[in-house]
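Chemist: Structure in structure tokens, see below.
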Amino acid sequence: MVDYSKWKAIEISDDEDDTHPNIDTASLFRWRHQARVERMDEFQKNKQQIKEKRVETEKKLKEVSLKAKETDDTAIKDELKKLEIAKKELEDKETELDKQEKTQPWNVDTISKEGWSKTIINKPVPKVDRSELSDEE
1 MVDYSKWKAI
11 EISDDEDDTH
21 PNIDTASLFR
31 WRHQARVERM
41 DEFQKNKQQI
51 KEKRVETEKK
61 LKEVSLKAKE
71 TDDTAIKDEL
81 KKLEIAKKEL
91 EDKETELDKQ
101 EKTQPWNVDT
111 ISKEGWSKTI
121 INKPVPKVDR
131 SELSDEE
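Okay, so the sequence shown: first residue is 1 according to my numbering, each after it adds one.
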């Protein structure tokens with residue numbers, strides 16, 4: 001049996017079944033598209049911020065762990081524990097965002113990806129100068 005459940009989660013901006021006859025459909029489609037693009041941008045910004053924070057936290061964690069190996073200071077060990085907790089929280093947020101990304105409805109921009117692209121431009125055929133030819137030729 002074929003599972004059609006994945007097709008239920010497609011967000012199509014030009015679905016005319018949802019529009020009321022008194023509403024300008026072009027404006028509605030434009031508004032939906034703009035809202036979808038803004039949501040996608042916000043999601044990508046959030047994902048990028050979390051990734052940057054995680055990289056920064058890992059960098060600090062390495063520095064503090066080197067300091068902790070050199071000394072027996074309890075303040076450094078406390079900071080190390082805090083950074084490990086922060087790293088764990090950021091990893092959890094990142095996995096949550098990955099799950100959220102997988103459950104988002106498909107739309108025109110995310111339904112397919114370009115597998116390969118190839119552009120071929122032919123060289124122009126050289127033009128023959130006919131001004132020097134006689135009438136017979």
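Glycine is no exception: its CB is placed at the ideal position from the N, C-alpha and C atoms.
Note that the structure is a prediction, hence the values are computed from the model and not measured.
Pick out the complete beta strand (DSSP E) segments inside the stretch 49-76, 3 residues or longer, and give them in chain order.
Modeler: As far as the stretch 49-76 is concerned, it has no whole beta strand (DSSP E) run of at least 3 residues.
Chemist: DSSP three-state call for ILE85: helix, strand or coil?
Modeler: It is helical.
Chemist: Using a 10 Å radius around the Cβ and a threshold of 16 neighbouring Cβ atoms, would you call THR57 buried or exposed?
Modeler: Flag for THR57 reads buried.
Chemist: How should LEU90 be labelled, buried or exposed, when 16 other C-beta atoms within 10 angstroms of its C-beta is the threshold for buried?
Modeler: Label assigned to LEU90: buried.
Chemist: Could you check what DSSP says for TRP106 in three-state terms: helix, strand or coil?
Modeler: TRP106: strand per DSSP, three-state reduction.
Chemist: Using alpha carbons as the reference points, say which of ASP3, ALA9 and MET1 lies closest to THR110.
Modeler: Nearest of ASP3, ALA9 and MET1 to THR110, Cα basis: ALA9.
Chemist: Can you give me the C-alpha to C-alpha distance between ILE50 and ASN22, rounded to a whole angstrom?
Modeler: Answer to the nearest angstrom: the Cα atoms are 43 Å apart.
Chemist: Do three or more CB pairs link the stretch 39-54 to the stretch 81-101 at distances below 8 Å?
Modeler: Segments in contact, yes.
Chemist: So the candidates are LEU61, LYS113 and ILE76; which of them puts its Cα closest to the Cα of LEU83?
Modeler: Of LEU61, LYS113 and ILE76, the residue nearest in Cα terms is LEU61.
Chemist: Measure the Cβ-Cβ separation of LYS87 and ARG54 and say whether it is below 9 Å.
Modeler: Contact: yes.
Chemist: Using C-beta distances below 8 Å, list every residue in its chain close to GLU11, excluding the 5 sequence neighbours before and after it, in chain order.
Modeler: If we look at GLU11 and ignore the five residues flanking it on each side, its Cβ neighbours are ARG36, PRO105, TRP106 and ASN107.
Chemist: With a threshold of 8 Å on Cβ separation, who are the neighbours of GLU79 within its own chain once the five nearest residues in sequence on each side are excluded?
Modeler: The answer, listed in chain order, is VAL64.
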